[in-house]
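Taking our numbering, the leading residue of the sequence shown gets 18, the next gets one more, and so forth. Beta carbons are placed, not taken as given, at the ideal position from N, Cα and C, and that holds for glycine. Heads up: the structure comes next, in structure tokens.
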Amino acid sequence: MTLTTMRAAAAISAAGLLLTLAACSTPATPSSSAPASSASAAASASADAGPCGGVKVIVDSGSLDQAAADTSACVEAASPILASAVLGKADVKIEGTAKYPTSFACRVNGVPAADFDIKHKGGTIREACDDKNTVSYWALWVKPANGDWAYAQEGLDSLKLNPGESLELLYTVDGEPAAPGA
């Protein structure tokens, strides 16, 4: 199964689940319009200090090694919250893809920049956010409070997280890294 086929299957699955959940939930506002707050900055500074009572957010640019994207924050949450809202509260800026502007992340905090050469097994590519890049992408992962990382089965605009869970955006090139670290 190719990465394009897996992405398409995940998108179709997420869209179907989104339609099912839409009848039961209120729409979220896009995370890119969420204002930055001093609470977000304080949350980021204390995210690695210990357990997170809310939702822990991790952004890891992986082999791109782009510090502008990398962050870790603990976002306060007393009840289930949409991933897009969690990212907004963590002051993580998301640019979606052309076909899925609110479900998938093409750029996180501006990474990878449109003029950045992404090295992969077949050479280099630049991210155009046009849904044609099949070798590199921001993978979305979820970890229950006392569980293992699992690839998210929904998009940013429909995935609900519970207090105690963790959310990671991990940049993946040629299928590596295959999963977040501990």
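Counting every other CB atom within 10 Å of its CB across the protein chains shown gives residue 82 a total below 16, marking it as exposed. Note on geometry: alpha-carbon atoms of residue 181 and residue 133 lie some 35 Å from one another. Contact check for residue 184 against residue 103 passes: the beta carbons are separated by less than 8 Å.
Contact between residue 155 and residue 196 fails: their C-beta atoms lie close to 14 Å from each other, not under 8 Å.
Residue environment analysis places residue 122 among the buried positions, since at least 16 neighbouring C-beta atoms fall within 10 angstroms of its C-beta. Check the Cα spacing between residue 163 and each of 199, 135, 142: the tightest is with 199. One thing to note: residue 98 has its Cβ no nearer than 8 Å to the Cβ of residue 160. For secondary structure counted as the alpha helix (DSSP H) over 4 or more consecutive residues, the region 62 to 112 holds these complete runs in sequence order: 100 to 106. Looking at the DSSP output, residue 183 bridges to 73, 160.
Residue burial is scored here from C-beta neighbours: residue 143 has fewer than 16 other C-beta atoms within 10 angstroms and is therefore classed as exposed.
Residue 138 is bridged by DSSP to nothing; it lacks a bridge partner. Cβ atoms of residue 153 and residue 190 come within 8 Å of each other, at about 4 Å.
Distance check between residue 94 and each of 86, 106, 149 places 106 closest, using alpha-carbon atoms only. Leaving aside the five residues that flank residue 194 on each side, the residues in its chain whose CB is nearer than 7 Å to its CB run, in chain order, 79, 187. Taken through DSSP and simplified to helix, strand or coil, residue 116 comes out as coil. Residue burial annotation: residue 169 is buried, with at least 16 other C-beta atoms found within 10 angstroms of its C-beta. If you draw a straight line from the Cα of residue 72 to the Cα of residue 137, it is about 32 Å long. Going by beta carbons, residue 157 and residue 119 fall outside the 8 Å limit.
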